[in-house]
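In this text, residue positions in the sequence shown follow our numbering: the first is 13, and each later residue adds one. Read through the structure below, which is laid out as structure tokens, and then see the notes.
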Amino acid sequence: MQFASDNWAGVHPEILRAVSRANEGSAPSYGGDALTKRVEARFSEVFERDVAVFFVATGGAANSLALAQLTPPWGMILCHQESHIQMDECGAPEFFTGGAKLLPLPGFAAKLTPEAVEAALSGFPERPPHGMPAATLSITQATECGAVYSVDEVKAIGGLAQRRGLKAHMDGARFANAIAALGCAPADMTSKAGVDALSFGATKNGCLAAEAVVFFNPDDAKDFMFRRKRAAQLFSKMRFIAAQFEAYLADGLWLRMAAHANAMAARLSAGLAAAGARIWYPTEANEVFVSFAPDVERRLVAAGAAFYPWVTPGDPAKGTMRRLICSFATREDEIDRFIDIAGGR
């Protein structure tokens with residue numbers, strides 16, 4: 013009963029087979045191989061426009077380098093106070109931007125609203141050269157609390173960024189889960205909604221190590237090749253990352269895996285609610301945030317269940333919240349056993 017993280021899950025067999033196929037023979041290095049070029053073109057098909065895409069190893073690298081590309085060292089990045097870039101990247105965005113400031117904002121279920129952003133901007137009037145100007149607005153889709161921005165909500169944020177002269181970044185570590193939840197086209201949630209750059213995650217959703225930075229206006233990617241190289245994220249054997257993405261994006265595999273994870277989370281959430289547990293946020297993707305009675309939690313842990321304690325700024329659960337995550341590999345029998353134990357059956 014593994015609900016600690018989708019990062020704990022293994023790799024989908026199709027992804028492993030693709031890596032094995034890429035291992036046959038030799039190929040040019042540093043992204044000069046035919047497979048990498050083919051997969052880069054595939055991203056343009058997925059997003060219905062010419063995009064500039066750069067493969068990296070981790071989500072932290074994708075976020076930090078994307079933000080560094082969009083934000084000058086003297087700029088501010090507006091983000092949610094529970095976002096990964098604020099809470100879980102050890103200052104990497106500040107480091108790679110050369111000193112840009114993160115301005116964390118509140119919002120239910122780790123979602124930003126145009127109202128919160130406007131209020132924050134009004135509190136930081138531009139005072140050149142003394143005050144840091146706002147430069148970038150970053151949202152997470154799906155959020156750290158498992159919420160999903162609707163397309164209209166992303167458009168509202170993206171439109172605000174454009175009106176204010178800001179760049180818009182999306183942390184898409186669980187982008188596939190959001191797309192699967194909404195059933196929309198990837199372009200509708202990104203370039204057509206005013207997003208300038210996307211950290212496209214795949215590692216949490218069945219890949220081995222595959223993340224990408226996607227720029228929807230190739231002009232925004234000017235000199236990014238040097239930024240990636242300087243950050244030690246240019247792989248010599250790039251084809252092995254490209255191979256993962258080729259299989260991931262083929263025949264809808266990425267969306268099937270995400271839809272399964274979402275469905276398992278919905279089943280888990282409904283079952284726990286029926287068993288009397290407190291569900292803190294709507295279960296819209298593959299994460300469930302819950303509080304158990306102490307005796308229930310002890311039973312679950314004793315039975316070998318794995319999940320994380322979850323403390324957030326202002327912690328509404330006062331230390332009792334637990335995060336449960338489902339993945340492409342989560343099984344119904346795991347869910348049902350967990351629910352039975354929680355219910356005392």
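The beta-carbon is built from N, C-alpha and C at its ideal position, and this holds for glycine as well.
query                                                                                                      : result
Own chain, CB closer than 6 Å to A300, minus 5 neighbours either side, in chain order                      : Checking the displayed sequence, the identity of residue 300 turns out to be Val instead of Ala. So the qualifying residues of the chain are A277, L280, S281, L336.
Nearest candidate by alpha-carbon position, reference T105, set A73, G171, R33, N217                       : Per the sequence presented here, residue 105 reads as Pro, with Thr not at that position. It is A73.
C-beta atoms of C219 and V68 nearer than 9 Å                                                               : no
Beta-carbon separation (whole angstroms), V58 vs F227, contact threshold 8 Å                               : Actually they are not in contact, since the Cβ atoms of V58 and F227 sit about 14 Å apart, beyond 8 Å.
Limits of the unbroken alpha helix (DSSP H) element including H272                                         : 265-286
Reduced DSSP secondary structure (H/G/I, E/B, other) of R240                                               : helix
The alpha helix (DSSP H) enclosing T48, as first and last residue numbers                                  : 46-58
For T155 and F120, the rounded distance between their alpha carbons                                        : 10 Å
Residue of A188, Q245, D345, P321 minimising C-alpha distance to A270                                      : A188
CA-to-CA distance, G288 to F15, given in whole angstroms                                                   : 19 Å
Limits of the alpha helix (DSSP H) - the one that F301 falls within                                        : Unbroken run through F301 is the beta strand (DSSP E), 299-303; no alpha helix (DSSP H).
Rounded separation between A12 and A159 - CA only                                                          : With the chain covering only 13 through 357, there is no way to say anything about residue 12.
Ordered list of beta strand (DSSP E) runs contained in the stretch 58-137, each at least 3 residues        : 64-68, 88-92, 113-117
A131, buried or exposed, once every other Cβ within 10 Å from all chains shown has been counted against 16 : exposed
Boundaries (first-last residue) of the beta strand (DSSP E) holding E223                                   : 223-227
Contact set for S162: own chain, Cβ-Cβ below 8 Å, skip 5 residues either direction                         : L194
Under the three-state DSSP convention, the category R251 falls into                                        : helix
Segment contact, 8 Å Cβ cut-off, at least three pairs: the stretch 204-222 with the stretch 40-51          : no
DSSP state of T152 mapped onto helix, strand, coil                                                         : strand
Paired residues, beta bridge with A146 - DSSP                                                              : M88
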